Amino acid sequence: MGDTTNSANRPIQSKIFIRGKLVALTGLHIGGNSVGMAIGGADAVVVRNPLTNEPYVPGSSLRGKMRSLLERVRGQEGVNQNLEGGFSVGKNGALAGKDASTSLGKLFGVAAENAKEPTRLIVRDAPLTRSSSEALKKAPNTDMPMTEVKTEVWIDRITSQANPRQIERVPAGAEFRFELVLTLLQGDDKEHFLKLVFEGLRLVEADALGGKGTRGYGRVKFRVDELAERTVEDYRKGQDGKPFTGYSIPTEFDAASLELALT
Numbered sequence: 000m001g002d003t004t005n006s007a008n009r010p011i012q013s014k015i016f017i018r019g020k021l022v023a024l025t026g027l028h029i030g031g032n033s034v035g036m037a038i039g040g041a042d043a044v045v046v047r048n049p050l051t052n053e054p055y056v057p058g059s060s061l062r063g064k065m066r067s068l069l070e071r072v073r074g075q076e077g078v079n080q081n082l083e084g085g086f087s088v089g090k091n092g093a094l095a096g097k098d099a100s101t102s103l104g105k106l107f108g109v110a111a112e113n114a115k116e117p118t119r120l121i122v123r124d125a126p127l128t129r130s131s132s133e134a135l136k137k138a139p140n141t142d143m144p145m146t147e148v149k150t151e152v153w154i155d156r157i158t159s160q161a162n163p164r165q166i167e168r169v170p171a172g173a174e175f176r177f178e179l180v181l182t183l184l185q186g187d188d189k190e191h192f193l194k195l196v197f198e199g200l201r202l203v204e205a206d207a208l209g210g211k212g213t214r215g216y217g218r219v220k221f222r223v224d225e226l227a228e229r230t231v232e233d234y235r236k237g238q239d240g241k242p243f244t245g246y247s248i249p250t251e252f253d254a255a256s257l258e259l260a261l262t
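Put into structure tokens, the structure is as follows:
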């Protein structure tokens, strides 16, 4: 894992940029603000850019999903049992992300009241690709601008009363441009943290992104197109980053794998 010195006292070594496409394989619902929706609109709407009215994937949603899934699979990693744990994923699972000595604590950061471990991973908001934006704007069969509306019926098990709800979704096939930024400190093991990031993406693919994943929503696929590094020296000289050759992008995140998932 590299140097165990308090991360807050170590200088930055470089930043690694992971860029590519996030493709919705099934309808995607990441909830937005329903205030101001017209009468007759969906009961649950998706989050949109207020300037363009285009749906997007908030970085907080992807980052939160990666973290929660990694906490669940790494819950037995050595943690400080004196910390206050959560209840949703079990104590060890929650502690794996709160203890600054663990891999997850170092990757995602730890709150100041625990150890003041700064985050290493930034997850940007993911806008639609230009081609997807144009395709959705021209799509003749969308129910709302650039989205579909799926009607679901919840049935009361006692009274058998049907309660229909309309859920707005970004249609399957929509593509988003994602970017992850991994900050490496002096002494960090680059490969260790990159493996952890790709493990998180792998887990999201096997689970679901956004709401209502158990009902078929939110199956996604990642295609990583670029892995680049920009060192502190590059920033000082005003130079661009260079392709990062110290780690190979896993083949499951290449273009061929995405094409296979879409067939």
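Each residue of the sequence shown is one higher than the one before, counting from 0 in numbering that gives the first Met the number 0.
Cβ coordinates follow ideal geometry from the N, Cα and C atoms, glycine included.
Predicted model only: the values in this text are computed from it and were never measured.
Among residues of its own chain, excluding the 5 on either side of residue i, which ones have a beta-carbon nearer than 7 Å to its beta-carbon?
i: Tyr216; result: Thr25, Gly26, Leu27, His28, Arg168, Ala207, Gly209 and Gly210
i: Ser132; result: Glu53
i: Leu106; result: Arg119, Leu120, Phe192 and Leu195
i: Pro249; result: Phe197
i: Met145; result: Glu53, Pro54, Leu135 and Lys136
Straight-line CA distance for residue i to residue j?
i: Pro163; j: Val152; result: 4 Å
i: Pro276; j: Gln160; result: Since the first residue shown for the chain is 0 and the last is 262, residue 276 is missing from the structure and cannot be characterised.
i: Arg214; j: Thr150; result: 12 Å
i: Ser268; j: Arg218; result: Outside the shown range of the chain (0 to 262) lies residue 268, about which nothing can therefore be said.
i: Asp239; j: Ile121; result: 19 Å
i: Arg73; j: Arg66; result: 10 Å
i: Leu195; j: Val22; result: 21 Å
i: Ile15; j: Ala110; result: 23 Å
i: Ala134; j: Arg229; result: 34 Å
i: Ala99; j: Asp124; result: 26 Å
i: Phe197; j: Lys64; result: 13 Å
i: Arg47; j: Glu70; result: 29 Å
i: Leu183; j: Val45; result: 34 Å
i: Gly172; j: Gly108; result: 33 Å
i: Gly58; j: Gln12; result: 24 Å
i: Ala254; j: Glu116; result: 36 Å
i: Asp155; j: Thr51; result: 39 Å
i: Phe252; j: Glu232; result: 30 Å
i: Leu259; j: Gly212; result: 22 Å
i: Val180; j: Tyr234; result: 15 Å
i: Ile157; j: Ala138; result: 41 Å
i: Glu83; j: Thr244; result: Low confidence applies to Glu83: its pLDDT is 47, below 50, so where it sits in the model is not reliable, and the reading given next is rough at best. Taking the straight line from one Cα to the other gives about 40 Å.
i: Val56; j: Pro126; result: 7 Å
Excluding the 5 residues preceding and the 5 following residue i in the sequence, name in chain order all residues of the same chain whose CB lies nearer than 6 Å to its CB.
i: Glu225; result: Arg18
i: Leu261; result: none
i: Tyr246; result: Glu190 and Leu193
i: Leu61; result: Val122
i: Thr10; result: One point to set straight first is that residue 10 is Pro, not Thr, in the sequence displayed. Closer than 6 Å at the Cβ level, and outside the excluded window around Pro10, lie Gln185.
On the three-state DSSP scale, how would you describe residue i?
i: Phe197; result: helix
i: Thr250; result: helix
i: Lys211; result: coil
i: Ser159; result: coil
i: Phe243; result: coil
i: Tyr55; result: strand
i: Met143; result: strand
i: Ile38; result: Because Ile38 carries a pLDDT of 44, less than 50, the predicted location of this residue cannot be relied on, and the following value inherits that uncertainty. DSSP places Ile38 in coil when its eight states are reduced to three.
i: Gly104; result: helix
i: Asp110; result: According to the sequence as given, residue 110 is Ala; it is not Asp. Note: Ala110 maps to coil in three-state DSSP.
i: Ala99; result: coil
i: Val46; result: coil
i: Asp224; result: strand
i: Leu21; result: strand
i: Arg71; result: helix
i: Gly30; result: strand
i: Glu133; result: helix
i: Glu151; result: strand
i: Arg235; result: helix
i: Arg164; result: strand
i: Arg218; result: coil
i: Arg66; result: helix
i: Ala125; result: strand
Excluding sequence positions up to five away, which residues of its chain have a Cβ less than 8 Å from the Cβ of residue i?
i: Ala43; result: His28, Gly30, Ser33, Arg164, Gln165, Ile166, Glu167 and Gly210
i: Lys20; result: Thr128, Glu174, Phe175, Arg176, Phe177, Phe221, Arg222, Asp224 and Leu257
i: Leu323; result: The structure shown does not extend to residue 323, since the chain spans only 0 to 262, so no value can be given for it.
i: Thr141; result: Leu135, Glu147 and Pro170
Quick one: which unbroken beta strand (DSSP E) runs of 3-plus residues sit fully inside the segment 167–191? Chain order, please.
174–184
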